[in-house]
Every structure is written in C-alpha cells, then in structure tokens.
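Participant: In this note's numbering, the protein residues as written are 928 to 1106.
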Amino acid sequence: CNIALFGQKFMGRVHSNAYLKVEKFFNLPVHPVMHTIVGRDLIALAPFADRWGWKKYNTNWKEVIKDADIDLVDIAAPNYGHADQALAALAAGKHVVVEKPLALDLAQADALIGQANKHHLLLVTNLMQRYNPRCTATAGCCRPCRPTSWPGFATGATRAGSPNRTAAIRSPWPKRQTG
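1) Alpha carbon to alpha carbon, how far is M961 from S943? Give it in angstroms, no decimals.
2) Identify the residues that DSSP records as bridge partners of I1002: which are they?
3) Considering only residues of the same chain and omitting the five flanking positions on each side of W979, which have a CB-CB separation below 6 Å?
4) On the DSSP bridge list, what partners appear for Y984?
5) Determine the DSSP secondary structure at V1107, reduced to helix, strand or coil.
6) Would A1019 pass as a contact of L1039 if the rule is Cβ separation under 9 Å?
7) Look at V1051 and H1009 and say whether their C-beta atoms are less than 9 Å apart.
8) Taking only the alpha-carbon atoms, compute the straight-line gap between F953 and N1006 and give it to the nearest angstrom.
9) Taking buried to mean at least 16 other C-beta atoms within 10 Å of its own C-beta, is G934 buried or exposed?
10) Leaving out the 5 sequence neighbours to the left and right, which residues in its chain are closer than 6 Å to L1049 when beta-carbon positions are compared?
11) V1025: buried (16+ other C-beta within 10 angstroms of its C-beta) or exposed?
12) Can you tell me where the beta strand (DSSP E) holding L1050 begins and where it ends?
13) Our contact map puts I930 next to Y946 with C-beta atoms below 8 Å; I'd like the distance itself, whole angstroms only.
14) Start and end of the alpha helix (DSSP H) containing L1039?
15) Please report the distance separating the alpha-carbon of H1046 from that of I964.
16) Exposed or buried, F975, counting other C-beta atoms within 10 Å across all chains shown (16 or more means buried)?
17) To the nearest angstrom, how far is the alpha carbon of P956 from that of D1032?
18) Just curious, the alpha helix (DSSP H) that D1011 is in, first and last residue?
19) At what residues does the alpha helix (DSSP H) containing D977 begin and finish?
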C-alpha cells in the first residue's frame, strides 16, 4: 500500500514513526510503503524524507493526489486544509486517513462521507485513545448529545451542558474489550 503523507512537522514525524513501527506491533494484510512526503518547506523536505525513509518528496499535494502509484493519503497537515485535501484525494480514488479534526464543521464532514461512500473508499479519522479506559471513563461523565443521523458516525458529548457536537468515523477495527 503506497502512502502519501501530507505534513512534515510534528505530526508528520509521529505518523512517519508509526509507519516504520506498525508491522512490529501488528500482522497487517498489506505492507505500508512510505512513498511520498508532502510539505511546504522544500529545503527541509529532502532531509526529512531521508531521515524517515520516504522514497519521494513534493511540495504540491494536488500533484501527489494525481499520482497513480498512491493508494492512501494520510493527512497530518494544518487543520484548515484537512477537508479540501481529503475531498480531493477521495475524488481521485485514494483511501484517506485524516488526523483530528476530520473537518472544521459538520457540512464539511458530511461532504467527506458522501464522497467516500460514492467511491467506496475508506475515510478514517485518527482516534488513538478512543477505547483507552481513562478516556472512556471521562466521556462517561459527559451528557451525550443529540445523535446524528449519519451512518457510520458516533455521537460526541457535551461538557457542562454546552452544545458542542462532535462526530467520529467508525473504526474499521473491532472495539477492544477493556478491564
């Protein structure tokens, strides 16, 4: 599975490290290939690619999305670009992983889900701590929101009664039993 990662700063390093180590933790059905790193700082991209093991680097994410060799786009770029980059990647037939937040509002999230469903592609948001017992215990202290009607979405929670709706793509992996 050839991966393009958008973002070369802190989260780009985190995701690069994860791709290097994931096969030591899990028996995967596919081998992740660190194909192309995308960032805005051309001077820093070559050393980044070399240090972390990316085959190629590029400053133009729109060009990378068109690359037929790319199977999956991992978006760890600044938050304001997540929805536009993910929509373009899905339209180009790529599976997409998006660092939190998936989108800046529910309309953007709805458009992303529609595009993923239309093309039968995976759209995943990184929710690393979703089943961490401490996080689920904390979430249990919150009053649940009004459920959304989107299939494949989980409802968020409000804190102290504030109407802060959040949504998260359902994980393709089964929930782990804890405790």
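Here a beta-carbon is modelled for each residue, glycine too, at the ideal position from N, C-alpha and C.
Facilitator: For this structure:
1) Position 16 of the sequence shown, counting from 1, holds the residue named residue 943. Position 34 of the sequence shown, counting from 1, holds the residue named residue 961. Distance between the alpha carbons of S943 and M961: 8 Å.
2) As a position in the sequence shown, residue 1002 is number 75, starting the count at 1. Answer is F933, V1025, bridged to I1002.
3) Within the sequence shown, residue 979 is the residue found at index 52, counting from 1. Taken in chain order, the residues that qualify are S943.
4) Within the sequence shown, the letter at position 57 stands for residue 984. Y984 pairs with I964.
5) The chain is shown from 928 up to 1106; residue 1107 falls before or after that span and cannot be answered.
6) As a first step, residue 1019 must be located in the sequence shown, where it is residue number 92. As a first step, residue 1039 must be located in the sequence shown, where it is residue number 112. Contact: no.
7) Mapped onto the sequence shown, residue 1051 falls at position 124. Mapped onto the sequence shown, residue 1009 falls at position 82. No, the Cβ-Cβ distance between V1051 and H1009 is not below 9 Å.
8) Numbered from its first residue, the sequence shown carries residue 953 at position 26. Numbered from its first residue, the sequence shown carries residue 1006 at position 79. One C-alpha to the other measures close to 29 Å.
9) Translated into positions along the sequence shown, residue 934 becomes position 7. Burial call: buried.
10) Counting from one through the sequence shown, the residue named residue 1049 turns up at place 122. Only H1022 meet the Cβ criterion.
11) Against the sequence shown, residue 1025 aligns to sequence position 98. Its Cβ being crowded by 16 or more others within 10 Å, V1025 is buried.
12) Stepping through the sequence shown from its first residue, residue 1050 is reached at position 123. Its beta strand (DSSP E) spans residues 1050-1052.
13) As a first step, residue 930 is located in the sequence shown; it is residue number 3 there, counting from the start. As a first step, residue 946 is located in the sequence shown; it is residue number 19 there, counting from the start. Contact holds; Cβ gap of about 7 Å.
14) Here the question's residue 1039 lines up with position 112 in the sequence shown. Its alpha helix (DSSP H) spans residues 1033-1046.
15) In the sequence shown, residue 1046 corresponds to position 119, counting from 1. In the sequence shown, residue 964 corresponds to position 37, counting from 1. If I take the Cα positions, the gap works out to 24 Å.
16) Counted from its first residue, the sequence shown places residue 975 at position 48. F975 should be labelled buried.
17) By one-based count along the sequence shown, residue 956 stands at place 29. By one-based count along the sequence shown, residue 1032 stands at place 105. P956 and D1032: Cα-Cα distance of roughly 34 Å.
18) Residue numbering aside, residue 1011 sits at position 84 when the sequence shown is read from its first letter. From DSSP, the alpha helix (DSSP H) with D1011 extends over 1009-1018.
19) The sequence position of residue 977 within the sequence shown is 50, counting from 1. Element bounds for D977: 969-979.
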